[in-house]
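Peer 1: Residue numbers (the numbering used here), protein chains in the order written: chain A, 61 to 470; chain B, 61 to 470. Beta carbons are placed, not taken as given, at the ideal position from N, Cα and C, and that holds for glycine. Provided herewith is a single structure, encoded as structure tokens, for subsequent inquiry.
Protein chains: 2
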Amino acid sequence: MALIVQKYGGTSVGSPERIRNVAARLLATQAEGHRVVAVVSAMGGVTNRLIELASEVTAGAKTTEREMDVLLATGEQTSIALTAMAINSLGGSACSLTGAQAGISTDGVHTKARIANITPEKIHELLDGGQIVVVAGFQGTTTDGSITTLGRGGSDLTAIALAGALKADLCQIFTDVDGVYTCDPRVVKDAKKIEEISYDELLEMASSGSKVMQSRSVEFAKKFGVVFEVRSSLNNNPGTLVKEENMSMEAVVIRGVSLERDQAKITISGVSDVPGVAAKIFQRISDANIVVDMIVQNVSRTGIADISFTLTKAELGKAKEVLEPLVSQFGGSAKLDAEDGIAKLSVVGIGMRSHSGVASQMFQALAEAGINILMISTSEIKTAVIIAEDRIDQAANVVHRAFGLSGATA
Amino acid sequence: MALIVQKYGGTSVGSPERIRNVAARLLATQAEGHRVVAVVSAMGGVTNRLIELASEVTAGAKTTEREMDVLLATGEQTSIALTAMAINSLGGSACSLTGAQAGISTDGVHTKARIANITPEKIHELLDGGQIVVVAGFQGTTTDGSITTLGRGGSDLTAIALAGALKADLCQIFTDVDGVYTCDPRVVKDAKKIEEISYDELLEMASSGSKVMQSRSVEFAKKFGVVFEVRSSLNNNPGTLVKEENMSMEAVVIRGVSLERDQAKITISGVSDVPGVAAKIFQRISDANIVVDMIVQNVSRTGIADISFTLTKAELGKAKEVLEPLVSQFGGSAKLDAEDGIAKLSVVGIGMRSHSGVASQMFQALAEAGINILMISTSEIKTAVIIAEDRIDQAANVVHRAFGLSGATA
């Protein structure tokens, strides 16, 4: 008898019929002899409607974050009640718990609280009584009893944190995709579902645009060693198991290829290579809350430096605005060039640590296809390049093929 | 500086605009130098939509009462968050509290819990900090942390119970009527708003069809001596103050006239007047969950009894069904007659205790109008008659006039 935590997102509980479907799945899991804890999100669309209501009530003025949490928490509370009722109406025995009732304590940072502690006694007690326990995702409580929410991807985090605290045998994240793929199947037709992937690989895939889950939840799972499976709530296919890396994983050099569109690049060239130049640039960027991805710096033999970095296209205008006055201050030949219409392609795999030649193999494949590389960045388990956005689909296909991901089962 | 509890019902918080209106009222009250606690209901229509959702999720099967409470409690939780946000957006300082957070403990009878205890420390603490405290009506928590709801009229009850526990100077129940009237203004055009009324009078008015508030809340207020005012959230008119009776109240013989339509009457005649007959009849009625209003019994000189009672027209069919087999068992000349198309008219006033002739004055007024009386029932502060339903408007007007309610300010 295993203890299994199953998380269902907003699409999976998006209508009364789907909630009944989730209830039936939970009952089927219990019928296999397991202890079952469900974590559910708000019904699809509900959170957005609540945010809209808040905006109307405050006539567009800033909403109070503490009250926003009280408001948004109703979304998941509705889902747990309905899911528990559905289970009971199908002949099962279920009990709902809000975040507070489930013993999920957080810090007091409203709308993006961090889980501080979980005291799962109530859940164990209900499980001991043969119940399916339905816990509200995305929410918790401060020590002085205020309701908090965990921010984006919060329900995944609830599921993983609960699985850790309950010492669950498995945590299943049900979503609308079948699992993690070697590449986006809309781009690479013969992309394969990955059976097992390490936390680090999934993190690198996520940061490169394969947004199956928020990095935060994966990091939490890694920190506490929670094994979880990403799978679809629309069918019974096995999903992708995410766990600590092991020997067999290293045998596969490249786990997958991920791509990120709508990137932009800023190059500041002709600045003197003296200490503090980069600091000044990125201080401004950070003050403007702009997220930068790749950073590359070259220094020529004459002591003149070029600094390039990438960011999303949406933030390009803002970045130019804050940097142009600075570049003027640098004086001399310093100038700023901005470019969009570019994209990022990454190959990810812990196996590349022990295999040389991954980068050159990737560059070779791109060169053969006549695709020009604008920037390169590497980490221990990732090699990423920036190329023209209109070549990204072709690039993904040739690289995917070059590493043999299309052929064998991943 | 007074402590004032204000309760706003579902219509008063029925839209973002109305919530802003409520927020402005609360701020105005605070600006007069008072400490303010608001109790709010779910936005109009929300509770019904949640009930519908529950019914869809359970495909019409019985819903779990514990989970129904978790579900319905989201309605008021939404309202408190929005109201607190609206206050803050208007430059005020407000904090919301769910029933549990406000310290409202109840028994464990889900969907119709009774308040067991209130520990208002958190509310006092927030008031000390200059905040307007917005509490969710209709809900509480059991000692083991389950969410409960208080049933119909629960938000009024929350307001009155909080006012009692906080030793508030005043509790204002904002609703969509201006207060309690000497008669329904739709029936008696010159009905007057009553300035002050005793708990008992309001209870008798309520039980006679003037449903300003649930009897339960009035009884609670009476038990704990909570003075409250019923007034409109749509204007600034003073409402009706409900309090313990006093000398000046007794000077007015009749406080008001109330009427109840859609009544029905069953008469069981020709039964032997032996002990236990009435008990048998009303046991069956009670087993069928039928609520009976007036009961009248007459015994003729030959020892044959007639028993009549009234009930709502809607329950007449069910009552006949459970009683007809019993009447057959009585045998002899026993027979059952059922009649609908009747209505009840009551005059209410604590003053009638010390004034004789109220009943005869009422009967005289009806006789002069040619209205026949089918049944009569009296209590210490009420005289009620059953008449034909098609004469009820006329009867209300003649009785209202006979007691001088139309002339002077009530």
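Closer than 6 Å by C-beta to residue 470/B: which residues in its own chain qualify, once you throw out the five before and the five after it? Chain order, please.
Peer 2: Numbered from 1 along the second sequence, position 410 holds the residue referred to as residue 470/B. Residue confidence for residue 470/B is low, a pLDDT of 42 falling below 50, so the modelled location carries little weight; the figure read from the coordinates is stated next. Contacts found: 242, 252 and 254.
Peer 1: Pick helix, strand or coil for residue 392/B, following the three-state DSSP scheme.
Peer 2: Taking the second sequence and counting its residues from 1, the one referred to as residue 392/B is at position 332. Coil at residue 392/B, not helix or strand.
Peer 1: At a CB-CB cut-off below 7 Å, which residues of chain B make contact with residue 57/A?
Peer 2: Lying before the first or after the last residue shown, residue 57/A is absent from chain A, which here runs from 61 to 470.
Peer 1: Using the Cα positions of residue 418/A and residue 356/A, report the straight-line distance between them to the nearest angstrom.
Peer 2: Start at 1 with the first residue of the first sequence, and residue 418/A comes out as number 358. Start at 1 with the first residue of the first sequence, and residue 356/A comes out as number 296. Each residue's alpha carbon lies about 20 Å from the other.
Peer 1: Measuring CB atoms only, is the region 291-299 of chain B touching the region 337-354 of chain B, in the sense that at least three cross pairs come out at less than 8 Å?
Peer 2: no
Peer 1: Using 8 Å as the threshold, is the C-beta distance between residue 136/B and residue 145/A below it?
Peer 2: The residue you call residue 136/B lines up with position 76 of the second sequence. The residue you call residue 145/A lines up with position 85 of the first sequence. Going by C-beta atoms, residue 136/B is not nearer than 8 Å to residue 145/A.
Peer 1: With three or more C-beta pairs closer than 8 Å as the rule, is the region 304-311 of chain B touching the region 405-413 of chain B?
Peer 2: In short, these stretches touch, since the Cβ pair count reaches three.
Peer 1: Between which two residues does the alpha helix (DSSP H) holding residue 134/A run?
Peer 2: Here residue 134/A refers to the residue found at position 74 of the first sequence. Unbroken alpha helix (DSSP H) run through residue 134/A: 125-149.
Peer 1: For residue 286/A, which residues of its own chain have a beta-carbon under 7 Å away from its beta-carbon, when the five flanking residues on both sides are left out?
Peer 2: Position 226 of the first sequence, counting from 1, holds the residue named residue 286/A. Taken in chain order, the residues that qualify are 220, 223, 224 and 231.
Peer 1: Counting only Cβ pairs nearer than 7 Å, list the residues of chain B close to residue 131/A.
Peer 2: Counting from 1 along the first sequence, the entry for residue 131/A is found at position 71. Under a criterion of Cβ atoms nearer than 7 Å, the residues of chain B adjacent to residue 131/A are, in order, 138, 141 and 142.
Peer 1: Identify the contact partners of residue 279/B in chain A, using a Cβ-Cβ distance below 8 Å as the criterion.
Peer 2: As a working mapping, residue 279/B is identified with position 219 in the second sequence. Those within 8 Å of residue 279/B in chain A number zero; the least Cβ separation is about 30 Å.
Peer 1: So with Cβ pairs under 8 Å, would you call residue 226/B a contact of chain A?
Peer 2: As a working mapping, residue 226/B is identified with position 166 in the second sequence. Closer than 8 Å: no.
Peer 1: If you measure between the beta carbons of residue 455/A and residue 406/A, is that distance less than 8 Å?
Peer 2: Working through the first sequence from its first residue, we reach residue 455/A at position 395. Working through the first sequence from its first residue, we reach residue 406/A at position 346. Cβ distance not < 8 Å, so residue 455/A and residue 406/A don't count as in contact.
Peer 1: Taking just the CA atoms, how far does residue 174/A sit from residue 166/A?
Peer 2: Within the first sequence, residue 166/A is the residue found at index 106, counting from 1. Within the first sequence, residue 174/A is the residue found at index 114, counting from 1. Between residue 166/A and residue 174/A, the C-alpha separation is close to 5 Å.
Peer 1: Counting only runs of 3+ residues fully inside the region 422-456 of chain A, write out the beta strand (DSSP E) ranges in chain order.
Peer 2: 435-439 and 442-448
Peer 1: Can you list, in chain order, the residues of the region 171-201 of chain A whose Cβ is nearer than 7 Å to any Cβ on chain B?
Peer 2: Here the close residues number zero.
Peer 1: Since residue 290/A sits in a beta bridge, which residues does DSSP pair it with?
Peer 2: For this step, residue 290/A is matched to residue 230 along the first sequence. According to DSSP, residue 290/A bridges with 233/A and 300/A.
Peer 1: Find the residues of chain A that neighbour residue 471/B, judging by a C-beta separation of less than 7 Å, and give them in chain order.
Peer 2: Residue 471/B is absent from the structure shown; chain B starts at 61 and stops at 470.
Peer 1: What does the alpha-carbon distance come out to for the pair residue 284/A and residue 303/A?
Peer 2: On the first sequence, residue 284/A is found 224 positions in, with the first residue counted as 1. On the first sequence, residue 303/A is found 243 positions in, with the first residue counted as 1. Approximately 11 Å between the Cα atoms of the pair.
Peer 1: Given this structure, state the Cα-to-Cα distance separating residue 291/B from residue 271/B, to the nearest angstrom.
Peer 2: In the second sequence, residue 291/B corresponds to position 231, counting from 1. In the second sequence, residue 271/B corresponds to position 211, counting from 1. If you take the alpha carbons of residue 291/B and residue 271/B, they lie about 14 Å apart.
Peer 1: Grab the span of the alpha helix (DSSP H) containing residue 210/A for me, first residue to last.
Peer 2: Position 150 of the first sequence holds residue 210/A. Unbroken run through residue 210/A: none, as it is neither H nor E.
Peer 1: So, helix, strand or coil for residue 405/B, using DSSP?
Peer 2: Along the second sequence, one-based indexing puts residue 405/B at 345. Three-state result, residue 405/B: strand.
Peer 1: Going by CA-CA distance only, name the one from 429/A, 393/A and 273/A that's closest to residue 233/A.
Peer 2: The residue labelled residue 233/A in the question sits at position 173 within the first sequence. Ranking the options by Cα distance to residue 233/A, first place goes to 273/A.
Peer 1: Roughly how far, in whole angstroms, is the beta-carbon of residue 115/A from the beta-carbon of residue 73/A, given that I think they are within contact range, below 8 Å?
Peer 2: Numbered from its first residue, the first sequence carries residue 115/A at position 55. Numbered from its first residue, the first sequence carries residue 73/A at position 13. The Cβ separation is near 24 Å, so there is no contact.
Peer 1: Using DSSP with H/G/I as helix, E/B as strand and the rest coil, what is residue 86/B?
Peer 2: Locating residue 86/B in the second sequence gives position 26, counting from the first residue. Residue 86/B falls in the helix class under three-state DSSP.
Peer 1: In chain order, what residues of the same chain lie with their CB nearer than 6 Å to the CB of residue 457/B, ignoring the 5 residues before and after it?
Peer 2: Translated into positions along the second sequence, residue 457/B becomes position 397. So the qualifying residues of the chain are 248.
Peer 1: My assumption, with CB atoms under 8 Å, is that residue 431/B sits in contact with residue 387/B. Please give the rounded CB distance.
Peer 2: To locate residue 431/B, count along the second sequence from 1; it is residue 371. To locate residue 387/B, count along the second sequence from 1; it is residue 327. No, residue 431/B and residue 387/B are not in contact; Cβ-Cβ is about 30 Å, not under 8 Å.
Peer 1: 8 Å is my cut-off, CB to CB: does residue 384/A come that close to chain B?
Peer 2: Residue mapping note: residue 384/A aligns to position 324 of the first sequence, counting from 1. Not an interface residue.
Peer 1: Just list the residues that DSSP pairs residue 320/B with in beta bridges.
Peer 2: The residue you call residue 320/B lines up with position 260 of the second sequence. According to DSSP, residue 320/B bridges with 404/B.
Peer 1: Nearest CA to the CA of residue 382/B: which residue from 396/B, 392/B and 391/B?
Peer 2: Residue mapping note: residue 382/B aligns to position 322 of the second sequence, counting from 1. With distances taken between Cα atoms, residue 382/B lies closest to 396/B.
Peer 1: Report the neighbours of residue 113/B on chain A: residues whose CB is nearer than 7 Å to its CB, in chain order.
Peer 2: Mapped onto the second sequence, residue 113/B falls at position 53. Ordered by position in chain A, the residues that pass the 7 Å Cβ test against residue 113/B are 76 and 142.
Peer 1: What residue from 208/A, 121/A and 331/A has the CA that sits closest to residue 358/A's CA?
Peer 2: To locate residue 358/A, count along the first sequence from 1; it is residue 298. For residue 358/A, the nearest C-alpha among the options comes from 331/A.
Peer 1: Along the alpha helix (DSSP H) that carries residue 183/A, what are the first and last residues, could you check?
Peer 2: Here the question's residue 183/A lines up with position 123 in the first sequence. Where residue 183/A is concerned, the enclosing alpha helix (DSSP H) stretches over 181-188.
Peer 1: Rounded to whole angstroms, what is the Cα-Cα separation between residue 110/B and residue 141/A?
Peer 2: Numbered from its first residue, the second sequence carries residue 110/B at position 50. Numbered from its first residue, the first sequence carries residue 141/A at position 81. Computed Cα separation, rounded: 10 Å.
Peer 1: Using only alpha-carbon positions, find the residue among 117/A, 71/A, 190/A and 465/A that is nearest to residue 96/A.
Peer 2: Translated into the one-based positions of the first sequence, residue 96/A becomes position 36. Ranking 117/A, 71/A, 190/A and 465/A by Cα distance to residue 96/A puts 190/A first.
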